[in-house]
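In the order they appear, the protein sequences are chains A and B.
With our numbering as the guide, the letters of the first sequence map in order to residues 8 to 159.
With our numbering as the guide, the letters of the second sequence map in order to residues 8 to 322.
Built from N, CA and C at the ideal position, the CB exists for glycine as well.
The structure displayed is predicted, hence computed values, not measured ones.
Comments concern the structure below.
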Amino acid sequence: MTRPLSIFGSNSTPQLGPFEQQVLQELWSRGSATVREMLADGKMYQAYTTVMTTLDRLYKKGLLDRTAEGRAFRYTPRLTSEELQRGAALDGIRQLLESGNTSALPLSYLVEALSTHDAQLLDQLQLLIEQKRRELQANEANMSAPKVKELH
Amino acid sequence: MFALRGIAVSLTFFVLVYCCLSALVVISWRWLRWLHAAEQSVADLLFLLRVLPLFASIVFTVAFVVPSFQILEPRSANEGTGTLPLTLGLAALSLIALGSWRVVAAQRRTARIVALWLEGATPFETGSDTVTLRSHRLTPPLTLVGMRKPRVLVSDSTVELLTANELSIALRHELAHIRSYDNLKKLVFRFAPFPGMASLESAWSQAAELAADDAAVSNANNAVDLASALVKLSRLIPAKAAVEPAAVCTVGFVTGTISARVARLLAWDEAGRSREPLIPRWLAIPPVAIAIFCSFLAYGPVLNITHEVTEWLVR
């Protein structure tokens, strides 16, 4: 029952409504679930058929896998939350790039000036940031320590 | 015939001054790398240089060429327009048409993309006067759209990924772009095409980013938060998607890659910032005032010289 469709290979990441997002969040926290299991703990107040239809819609959008379990289906997310966000951002950027020369558009982006960075470089930068954060915290602690002493 | 000749001559002067000044700017703008000033001043100077050819050619044409022709050209003269003024006049018209088309095309493309992004967007409370919208569609992480009524678009993933401090400082970065009218400046660039200006525009873009970083950051903690936001949001944009903007934006003396921006933010110190002087904008007033005063004093002779050049061109 696994659908061979790659959503990142398609033109765009599917749009999700609020309830679809809620259902997806629930599946991410559970790992996998049937409709009955999702309704069992009382977090969702929607009707059985509403949840079933939503899960089916998410499956058709390529966001879930499903396997038959008795007379029902067990649904599993195909992507992690991070992968979905990444896909959505990529699609936004792709949309921009397809519109021609991006610098020609009167728009400003926080991360417009991208180099051909890779995950390793970003990891290194993240480490430097964490290190700097620790340094600053240590400095602040040192600064506040004498004041505490003075108060005593 | 007189009017046609006047228009052709005016347009000829316009295109000649525009091309000469643009070529001069393309050759010489890199000298600004030796300037030791705050990024905001660098961005201002680069913008000034970029629009100088257009502005100066319009002023020269309106203030000198048109009056010299109207005052000094005998109306009864049965002269032809001349091949050179006609050709250059047509070139000027083509240049104006190309500039206008680029502006309209950029605006239309932007409007189309922004309309898609704004579908279903909801207000996002930030505590600032600027309208900030949370887009639930496929948008870049954090974007400033619009010129007359600028709006900041924040994507769902940005809100989820960034901490409150990081998001707040990233929004302050975008507000700095609003205060500098950076989107409007980008549109002005579209109106003045000239080969070789892309690297200057790219350098301006980098300087504007760094200036916005500087404006957003007021202490070392802010700087670390902004650096962290940059890295986190960069992770959302894979290198594959970044190839084209990188090709456009990495030229110029202000390096603007993510790593350079992060390194600059991590090295942030208040004393260092104050050593980079902000060149006051009012300093532009004295040279302009002197130029106007000199033009006023030498107006008659300049008109005569302009007319002589006109005659030479027509013949």
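Going straight from the alpha carbon of residue i to that of residue j, what length do you get?
i                 : j                 : result
SER39 of chain A  : LYS67 of chain A  : 17 angstroms
GLU147 of chain A : HIS184 of chain B : 31 angstroms
ASP163 of chain B : GLU142 of chain A : 31 angstroms
GLY127 of chain B : VAL152 of chain B : 16 angstroms
LYS239 of chain B : LEU169 of chain B : 7 angstroms
CYS27 of chain B  : PHE9 of chain B   : 27 angstroms
THR137 of chain B : TYR188 of chain B : 13 angstroms
THR60 of chain A  : GLY49 of chain A  : 18 angstroms
ALA75 of chain A  : PRO147 of chain B : 38 angstroms
LEU42 of chain B  : ASP72 of chain A  : 59 angstroms
PRO293 of chain B : PRO60 of chain B  : 19 angstroms
MET204 of chain B : VAL16 of chain B  : 26 angstroms
LEU135 of chain A : GLN144 of chain A : 14 angstroms
ALA296 of chain B : PRO308 of chain B : 19 angstroms
THR165 of chain B : TYR82 of chain A  : 27 angstroms
ALA30 of chain B  : ALA298 of chain B : 22 angstroms
ALA54 of chain A  : PHE131 of chain B : 31 angstroms
SER266 of chain B : ARG186 of chain B : 26 angstroms
SER142 of chain B : ILE312 of chain B : 59 angstroms
SER302 of chain B : GLU80 of chain B  : 21 angstroms
ASP63 of chain A  : LEU31 of chain A  : 12 angstroms
LEU310 of chain B : ILE78 of chain B  : 9 angstroms
LEU149 of chain B : MET51 of chain A  : 32 angstroms
ASN149 of chain A : LYS139 of chain A : 15 angstroms
ARG115 of chain B : LEU65 of chain A  : 34 angstroms
GLN127 of chain A : GLU137 of chain A : 15 angstroms
ARG37 of chain A  : PRO25 of chain A  : 19 angstroms
PHE62 of chain B  : GLN29 of chain A  : 55 angstroms
ARG158 of chain B : ALA47 of chain A  : 43 angstroms
ALA104 of chain B : LYS156 of chain B : 27 angstroms
VAL161 of chain B : VAL58 of chain A  : 29 angstroms
THR129 of chain B : ALA305 of chain B : 60 angstroms
Is the CB-CB distance between residue i and residue j below 8 angstroms?
i                 : j                 : result
GLU33 of chain A  : MET45 of chain A  : yes
GLU216 of chain B : ARG57 of chain B  : no
VAL224 of chain B : ALA218 of chain B : no
GLY106 of chain B : PRO200 of chain B : yes
PRO284 of chain B : ALA50 of chain B  : no
ALA98 of chain B  : VAL22 of chain B  : yes
LEU114 of chain A : THR139 of chain B : no
PHE76 of chain B  : GLY13 of chain B  : yes
THR56 of chain A  : PHE80 of chain A  : no
LEU129 of chain A : SER241 of chain B : yes
ALA227 of chain B : TRP275 of chain B : yes
LEU243 of chain B : GLN92 of chain A  : yes
Tell me the DSSP bridge mates of residue i?
i                 : result
LEU160 of chain B : B:LEU140 and B:THR150
TYR82 of chain A  : A:ALA40 and A:ARG73
PRO130 of chain B : B:LEU140
SER115 of chain A : B:LEU151
By Cβ distance, which residues of its chain are closer than 7 angstroms to residue i, with the 5 residues on each side in sequence left out?
i                 : result
ASP220 of chain B : HIS180, LEU233, ARG268 and LEU272
LEU12 of chain A  : Any answer about LEU12 of chain A is weak, because its pLDDT of 32 lies below 50 and its placement is not dependable; what the coordinates show is given next. Result list for LEU12 of chain A: GLY69, in chain order.
To which residues of the same chain is residue i closer than 8 angstroms at the C-beta, ignoring the five residues directly before and after it?
i                 : result
LEU53 of chain B  : TRP36, LEU39, LEU207, ALA210, TRP211 and ALA214
ARG82 of chain B  : PHE9
ALA19 of chain B  : Strictly speaking, residue 19 of chain B in this sequence is Thr, with Ala absent from that position. Cβ within range, chain order: LEU91, PRO92, LEU95, GLY96, ALA99 and LEU320.
MET154 of chain B : TYR188, ASN190, LEU191 and LEU194
ALA291 of chain B : LEU55
TRP35 of chain A  : PRO84, THR87 and SER88
VAL110 of chain B : LEU194, ARG197 and PHE198
ARG43 of chain A  : TYR55 and ALA79
THR123 of chain A : Per-residue confidence for THR123 of chain A stands at a pLDDT of 49, beneath the threshold of 50, marking its modelled position as unreliable; the derived number appears in the next sentence. So no residue of the chain qualifies.
If you measure from the CB of residue i, is any heavy atom of the ligand NAP nearer than 7 angstroms?
i                 : result
ALA122 of chain B : This structure simply doesn't include the ligand NAP, nor any ligand for that matter.
Go through its chain and collect everything with a Cβ distance to residue i's Cβ below 6 angstroms, but skip five positions before and after it.
i                 : result
VAL24 of chain B  : SER64 and PHE67
LEU23 of chain A  : none
ALA236 of chain B : LEU169, GLU173 and ALA177
VAL33 of chain B  : GLY203
ILE286 of chain B : ALA44 and SER48
ALA344 of chain B : Outside the modelled stretch of chain B, which goes from 8 to 322, sits residue 344 of chain B, for which no answer is possible.
Query raised in the report: Is it true that the region 165 to 175 of chain B meets the region 195 to 210 of chain B, where meeting means three or more beta-carbon pairs spaced less than 8 angstroms apart?
Result: Between the region 165 to 175 of chain B and the region 195 to 210 of chain B, the count of Cβ pairs shorter than 8 angstroms is below three; the stretches do not touch.
Report task. Please determine if the region 121 to 135 of chain B and the region 91 to 99 of chain B are in contact, where contact requires at least 3 C-beta pairs separated by less than 8 angstroms. Result -> no
Query raised in the report: So does the region 313 to 322 of chain B actually touch the region 67 to 79 of chain B, counting three or more Cβ pairs closer than 8 angstroms?
Result: yes
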